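Letter 141 of the sequence shown, counting from 1, is numbered 141 in my numbering, and no numbers are missing.
A virtual CB, placed ideally from N, CA and C, is assigned to each residue, including glycine.
Keep in mind that this is a model prediction, so the values were computed, not measured.
Following: one structure in structure tokens, then a few remarks.
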Amino acid sequence: MINLAEYLQKANDRLKAFGVKLVLQGKGDWLYLRGTFPPKPGENRKPYSTKIALKMRAIDKAAIDAAEKVALQVGLDLNLGQFDWRKFSDFDDPDSPATKKIGDWVEAFEKEWWLTRDRKNQSNQSTWLSGYQRVLKGLPKDVELTEDLLVQYIAANSSPHTVNRRHYVTCCKLLAETAGISSARIKALTPKIGIKPVNPRDIPDDKTISQVRESIKDPGWQYLYGLIAVYGLRNHEVFYPDLREFPILRTRKTSKTGERPVKPLYPEWAEAWKLGEVIYPKQVRITAESSNRQMGVCVTAWFQNNMPFNAYNLRHAYAGRCDRCGVPPKTAAKMMGHTLQVHELVYGAWLDEAIYLDVFDRAVNHPDRPLPPETTQS
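Structural data, given as structure tokens:
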């Protein structure tokens, strides 16, 4: 019995020997031809790598021989600049890229994504909803999926150099790969977003943090403000934490970096502000099933409209408090749910500056330091 995979490889070897820069591939029962092709009619782009359906089933030696002849002809057409996409536009195989629409590819991508993940896991559900479904649901469902369309979609729905752009690029790149179309131009849109160090001038001191809290009239928002200030939480982590070991707080398993224990700084604030007694703003429509993104946007918007600084500056102030209280950077990083490397990148320069300024102040204010020479007034 003939080994079709081996016979297909021999066909490809012959194509290569003839100088044809195309490769025959089998997918399921069908044969495809992969190579670099000119843009389709109406596309404004350079030649790109993709695969086309050959309308042939990979069922026997004769089928592969026939596909090899087509590949030779296509190679000749490409060399002469006579390749015609219309010859390959009427393939009626429901699994062919030529007939599948965006809605079909989105469905296929979702099935593939969940193959290696537990659907009952809330963290996975949150990631799918906020990281993928949010992006995919805006695509038109009944048109052909092309790289041009995805590039235009990314540009129209996200700004350059933003985290949102990175989400769109990641999602659309994976969708393109699922469909077997080129993603080179999509990858080129990936923003270069570095980790920015904090600006010490933006971070409120502890006295200001306490005074601003006292000015908040809504008990629910005063409570959430207190959680961020005392535990250095991310904006979405203030909802539904585990406080059974109060004053220790445990973040939800579905938070950005999963569950972790966090100790308060200052513990006196945790007690005085009654942070063990959960109270949420009545007007906030957040449930345990809400995504991290929904929770985070809710908190960010309130801070922008009501506070003199943003929520993350309260989190940054917690990092500074850890340093002043002698908490090692590695421990502080674990409390805040990020790596030591991230901690040093974000806070290193600020904390180093604070240390050497403090050392200098101590030296200058020491009673035994040298004094300047007296000057004679005329």
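Coil, strand or helix - residue i by DSSP
{"i": "residue 139", "result": "coil"}
{"i": "residue 37", "result": "strand"}
{"i": "residue 379", "result": "With the chain represented from 1 up to 378, any question about residue 379 goes unanswered, as that position is not in the structure."}
{"i": "residue 48", "result": "strand"}
{"i": "residue 10", "result": "helix"}
{"i": "residue 332", "result": "helix"}
{"i": "residue 27", "result": "strand"}
{"i": "residue 267", "result": "helix"}
{"i": "residue 371", "result": "coil"}
{"i": "residue 382", "result": "A question about residue 382 goes unanswered here, because the residues of the chain that appear run from 1 up to 378."}
{"i": "residue 20", "result": "coil"}
{"i": "residue 55", "result": "strand"}
{"i": "residue 165", "result": "helix"}
{"i": "residue 174", "result": "helix"}
{"i": "residue 327", "result": "coil"}
{"i": "residue 249", "result": "strand"}
{"i": "residue 15", "result": "helix"}
{"i": "residue 318", "result": "helix"}
{"i": "residue 346", "result": "helix"}
{"i": "residue 284", "result": "coil"}
{"i": "residue 74", "result": "helix"}
{"i": "residue 262", "result": "strand"}
{"i": "residue 91", "result": "Confidence in residue 91 is poor, its pLDDT being 39 and thus under 50, which makes the residue's placement too unreliable to answer from."}
Per-residue burial, residue i [other beta carbons within 10 Å of its own, 16 or more giving buried]
{"i": "residue 49", "result": "exposed"}
{"i": "residue 20", "result": "buried"}
{"i": "residue 53", "result": "buried"}
{"i": "residue 18", "result": "exposed"}
{"i": "residue 190", "result": "exposed"}
{"i": "residue 90", "result": "Low confidence applies to residue 90: its pLDDT is 43, below 50, so where it sits in the model is not reliable enough to give any reading."}
{"i": "residue 171", "result": "buried"}
{"i": "residue 68", "result": "buried"}
{"i": "residue 264", "result": "buried"}
{"i": "residue 36", "result": "exposed"}
{"i": "residue 165", "result": "buried"}
{"i": "residue 94", "result": "Reliability of the predicted coordinates at residue 94 is poor, the pLDDT of 47 falling under 50, and the value obtained from them is presented with this limitation in mind. Exposed, by the Cβ-count rule."}
{"i": "residue 269", "result": "buried"}
{"i": "residue 173", "result": "buried"}
{"i": "residue 252", "result": "buried"}
{"i": "residue 11", "result": "buried"}
{"i": "residue 119", "result": "exposed"}
{"i": "residue 321", "result": "buried"}
{"i": "residue 59", "result": "exposed"}
{"i": "residue 92", "result": "Caution is warranted here: a pLDDT of 41 is assigned to residue 92, below 50, making its placement in the model unreliable, and the coordinate value is therefore given only provisionally. It counts as exposed."}
{"i": "residue 313", "result": "buried"}
{"i": "residue 325", "result": "exposed"}
{"i": "residue 241", "result": "buried"}
{"i": "residue 169", "result": "buried"}
{"i": "residue 368", "result": "exposed"}
{"i": "residue 176", "result": "buried"}
Proximity to residue i [Cα-Cα], best of the options
{"i": "residue 256", "options": "243, 236, 267, 74", "result": "236"}
{"i": "residue 345", "options": "55, 278, 305, 197", "result": "197"}
{"i": "residue 147", "options": "12, 46, 340", "result": "46"}
{"i": "residue 43", "options": "341, 199, 286, 149", "result": "149"}
{"i": "residue 247", "options": "275, 136, 187, 220", "result": "275"}
{"i": "residue 230", "options": "165, 12, 311", "result": "311"}
{"i": "residue 254", "options": "159, 34, 126", "result": "126"}
{"i": "residue 226", "options": "117, 209, 173", "result": "209"}
{"i": "residue 41", "options": "86, 79, 12, 82", "result": "86"}
{"i": "residue 201", "options": "308, 325, 133, 61", "result": "308"}
{"i": "residue 224", "options": "178, 295, 106", "result": "295"}
{"i": "residue 143", "options": "56, 137, 100", "result": "100"}
{"i": "residue 262", "options": "187, 232, 286", "result": "232"}
{"i": "residue 299", "options": "239, 335, 250, 266", "result": "239"}
{"i": "residue 31", "options": "16, 39, 61, 38", "result": "61"}
{"i": "residue 207", "options": "336, 317, 79", "result": "317"}
{"i": "residue 157", "options": "140, 178, 135", "result": "135"}
{"i": "residue 199", "options": "179, 315, 111", "result": "315"}
{"i": "residue 379", "options": "289, 330, 367", "result": "Because the chain spans 1 through 378 in this model, residue 379 falls outside it and cannot be assessed."}
{"i": "residue 287", "options": "180, 188, 122, 162", "result": "122"}
{"i": "residue 9", "options": "55, 65, 28", "result": "65"}
{"i": "residue 110", "options": "154, 161, 179, 151", "result": "179"}
{"i": "residue 152", "options": "162, 128, 185", "result": "185"}
Rounded Cβ spacing between residue i and residue j (contact assumed at less than 8 Å)
{"i": "residue 222", "j": "residue 234", "result": "Going by Cβ atoms, the distance from residue 222 to residue 234 rounds to 19 Å, so no, they are not a contact pair."}
{"i": "residue 319", "j": "residue 280", "result": "Their Cβ separation, rounded to whole angstroms, is 26 Å, which puts residue 319 and residue 280 out of contact at 8 Å."}
{"i": "residue 293", "j": "residue 130", "result": "4 Å"}
{"i": "residue 339", "j": "residue 332", "result": "About 11 Å; that fails the 8 Å criterion."}
{"i": "residue 71", "j": "residue 15", "result": "6 Å"}
{"i": "residue 105", "j": "residue 132", "result": "About 13 Å separates the two Cβ atoms, so there is no contact after all."}
Minimum Cβ-Cβ distance from residue i to chain C less than 8 Å
{"i": "residue 114", "result": "Any reference to chain C falls outside this structure, which holds one protein chain only."}
Runs of alpha helix (DSSP H) wholly within the stretch 201-242 (minimum 4 residues, chain order): Whole alpha helix (DSSP H) segments, 4+ residues: 206-215, 219-231.
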